[in-house]
Amino acid sequence: MTSATAGPSQFAQLLRRSKFASFDPAISQIYTTSGGYAHRGDFGLKRPFPPSARNKNPYVVVKAVDDSLGQTQWSTAQNQGRWIRRFDESGAGADPAFRSSWAARGRVMAEWHLDSSFDQPWSQKKLQEETPAMLPNWKRMSRPEFDKYLNKLRRKRGSFRQFLQDQRQTAYNEEMEAAWDYYEQRSPDIKPPSPPEPVNLLKESRPSNITDYRAFLQHDANEKVYPRKGDDDKPSAAIVPSPHPNAGLSYTHENKLQRAFLNPTLPARVVVVRNATDPRRIYATAPQNPVSIAVAGTLAEVKGIDISKENLRLDAVSRGQQDVTAGEIQATIDSVNVSTAPHVVGKHSGLGGGRILVKASEFHLPSSVIHGRKFNPHPPGTPEYVAWVAPPPFKSASALTPTTFGKPGAKPKRVAIRETSAQLRELAKIMRGTTQPKDNTKESKEESKEEESEKKDA
Numbered sequence: 001m002t003s004a005t006a007g008p009s010q011f012a013q014l015l016r017r018s019k020f021a022s023f024d025p026a027i028s029q030i031y032t033t034s035g036g037y038a039h040r041g042d043f044g045l046k047r048p049f050p051p052s053a054r055n056k057n058p059y060v061v062v063k064a065v066d067d068s069l070g071q072t073q074w075s076t077a078q079n080q081g082r083w084i085r086r087f088d089e090s091g092a093g094a095d096p097a098f099r100s101s102w103a104a105r106g107r108v109m110a111e112w113h114l115d116s117s118f119d120q121p122w123s124q125k126k127l128q129e130e131t132p133a134m135l136p137n138w139k140r141m142s143r144p145e146f147d148k149y150l151n152k153l154r155r156k157r158g159s160f161r162q163f164l165q166d167q168r169q170t171a172y173n174e175e176m177e178a179a180w181d182y183y184e185q186r187s188p189d190i191k192p193p194s195p196p197e198p199v200n201l202l203k204e205s206r207p208s209n210i211t212d213y214r215a216f217l218q219h220d221a222n223e224k225v226y227p228r229k230g231d232d233d234k235p236s237a238a239i240v241p242s243p244h245p246n247a248g249l250s251y252t253h254e255n256k257l258q259r260a261f262l263n264p265t266l267p268a269r270v271v272v273v274r275n276a277t278d279p280r281r282i283y284a285t286a287p288q289n290p291v292s293i294a295v296a297g298t299l300a301e302v303k304g305i306d307i308s309k310e311n312l313r314l315d316a317v318s319r320g321q322q323d324v325t326a327g328e329i330q331a332t333i334d335s336v337n338v339s340t341a342p343h344v345v346g347k348h349s350g351l352g353g354g355r356i357l358v359k360a361s362e363f364h365l366p367s368s369v370i371h372g373r374k375f376n377p378h379p380p381g382t383p384e385y386v387a388w389v390a391p392p393p394f395k396s397a398s399a400l401t402p403t404t405f406g407k408p409g410a411k412p413k414r415v416a417i418r419e420t421s422a423q424l425r426e427l428a429k430i431m432r433g434t435t436q437p438k439d440n441t442k443e444s445k446e447e448s449k450e451e452e453s454e455k456k457d458a
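The opening position of the sequence shown corresponds to residue 1 in UniProt numbering, with each subsequent residue numbered one higher.
See below:
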């Protein structure tokens with residue numbers, strides 16, 4: 001009689017995948033849950049959370065799973081979680097700011113690495129040089145770290161000698177090839193270059209050869225990252241740090257055209273208007289002055305807003321009456337640049353340590369002209385969008401006789417204007433008080449002929 005054996009327990013597999021196993025008090029992580037788990041306060045940790053954390057979309061930060069009293073130390077993170085959610089719903093992408101602290105962290109990708117049919121084939125020669133590896137910053141090293149770095153360099157004297165010998169041998173081969181070509185074409189009496197001498201490290205230790213030292217250090221750092229020629233299958237010895245372009249703020253790959261058509265308009269409110277010449281002066285009404293608006297939980301900079309509108313006027317002094325609709329506009333986010341990424345590990349961790357620069361623009365509805373250019377007002381993909389044809393540009397012949405178009409393909413026609421030049425002259429005489437009765441002189445007859453000819457032309 002055989003006994004039934006129990007199957008393997010799934011507890012170990014579930015434990016490895018749980019949030020409890022990935023918990024690290026040194027890393028600032030935001031935990032969330034949904035559905036019935038949120039109603040019961042179950043975040044995947046050791047014990048359920050109290051009713052104060054059981055809302056519709058809860059966000060918490062756990063400081064310790066078990067304290068001295070056997071309780072879970074936690075704090076709410078509703079502001080941080082909702083801000084990330086609002087930013088995702090806005091659909092705005094983010095890029096590293098130029099010359100920012102985040103862009104200076106090594107090899108930050110400037111563009112997304114995507115596999116496309118328009119990419120260069122692997123068989124072709126690379127058109128771009130590989131980015132050199134980062135060298136250790138010996139100026140920021142402590143004394144023990146610097147001594148350790150010097151001992152590491154002393155063990156590479158043999159590699160340094162071989163590097164210099166290979167460089168000189170390569171230069172000698174190039175000189176021999178050039179001399180041979182010159183010998184065959186012009187002068188048979190040319191003297192060939194002398195072969196390179198063995199490298200003497202004592203001679204190379206002079207301060208004038210600092211360029212060779214830098215070239216060797218760069219070559220040694222590149223060998224740790226990139227494989228040698230012919231060893232493409234060999235993995236690199238060092239892991240190349242490649243930080244995210246926007247520190248994980250956004251993972252969208254939309255371009256500006258997609259953002260303009262697909263992203264929704266966001267409700268915003270004008271907060272501060274500053275003078276372009278004097279930033280200390282606020283509430284200026286010039287159109288070129290930058291305006292700060294609150295949109296998607298951030299402060300964005302907008303230019304070109306007409307602050308003279310009644311609903312956009314901001315009162316610096318409260319008189320007991322507040323207009324809740326003052327400063328409300330519809331805006332779209334144009335660009336987001338990450339200047340400083342928030343700290344994840346340490347005491348001062350959280351979104352408060354990050355810094356981004358947001359630029360937006362006011363959305364005009366139902367205007368179909370943006371920056372003087374007409375665009376298709378229909379939704380993309382509809383038959384109206386495909387069949388839409390931009391009207392041809394036209395220029396008026398003069399300020400008094402504008403040109404209009406009738407049917408498509410028709411020639412432009414002149415618009416008949418009532419006020420002719422003779423009538424304008426007559427009005428000018430009346431305004432000056434110099435009107436005289438008409439006579440049958442030669443000048444009056446010529447003026448009447450001019451009026452008749454102008455009427456015929458009209």
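From the three backbone atoms N, C-alpha and C, an ideal C-beta is built for every residue, glycine too. Values in this document were obtained by computation on a predicted structure and should not be read as measured data.
Notebook entry, point to check: Out of 271, 297 and 55, which has the shortest C-alpha to C-alpha gap to residue 290?
Noted result: 271
Next item on the list: Would you give the residue range spanned by the beta strand (DSSP E) that residue 222 belongs to?
Entry: From DSSP, residue 222 is part of no beta strand (DSSP E) but of the alpha helix (DSSP H) over 210 to 225.
Check: Nearest-angstrom Cα distance between residue 338 and residue 243?
Finding: 13 Å
Check: If you follow the alpha helix (DSSP H) that residue 385 is part of, which residue opens it and which one closes it?
Finding: 383 to 387
Next item on the list: Just the C-alpha distance for residue 384 and residue 305, rounded to the nearest angstrom, thanks.
Entry: 31 Å
Next item on the list: Check whether the Cβ of residue 142 lies closer than 8 Å to any Cβ atom in chain B.
Entry: Among the chains in the structure shown there is no chain B, since it carries only a single protein chain.
Notebook entry, point to check: What do you reckon, are the CB atoms on residue 93 and residue 325 nearer than 8 Å?
Noted result: no
Check: Is the region 254 to 264 touching the region 293 to 305, taking contact as three or more C-beta pairs under 8 Å?
Finding: no
Check: Within 10 angstroms of its Cβ, does residue 381 collect 16 or more other Cβ (buried), or is it exposed?
Finding: exposed
Notebook entry, point to check: Can you name the start and end residues of the beta strand (DSSP E) that residue 328 belongs to?
Noted result: 328 to 340
Next item on the list: Tell me whether residue 172 sits in a helix, a strand or coil according to DSSP, three-state version.
Entry: helix
Note to self: From the DSSP secondary-structure annotation, give me the bridge partner or partners of residue 258.
What the structure shows: In DSSP, residue 258 forms no bridge with anything.
Checklist line | At least 3 beta-carbon pairs within less than 8 Å: the region 214 to 228 vs the region 64 to 72 | finding: no
Note to self: In the DSSP output, which residue or residues are listed as bridge partners for residue 359?
What the structure shows: 301 and 335
Note to self: Given a cut-off of 8 Å on the beta-carbon distance, is the pair residue 74 and residue 351 in contact?
What the structure shows: no
Next item on the list: Hey, could you find the ends of the alpha helix (DSSP H) residue 29 is sitting in?
Entry: Unbroken run through residue 29: none, as it is neither H nor E.
Next item on the list: Name the residue from 30, 98 and 151 whose alpha carbon lies nearest to the alpha carbon of residue 76.
Entry: 30
Notebook entry, point to check: How should residue 10 be labelled, buried or exposed, when 16 other C-beta atoms within 10 angstroms of its C-beta is the threshold for buried?
Noted result: exposed
Margin query: Looking at the secondary structure, which residues open and close the beta strand (DSSP E) in which residue 59 lies?
Written below: 59 to 64
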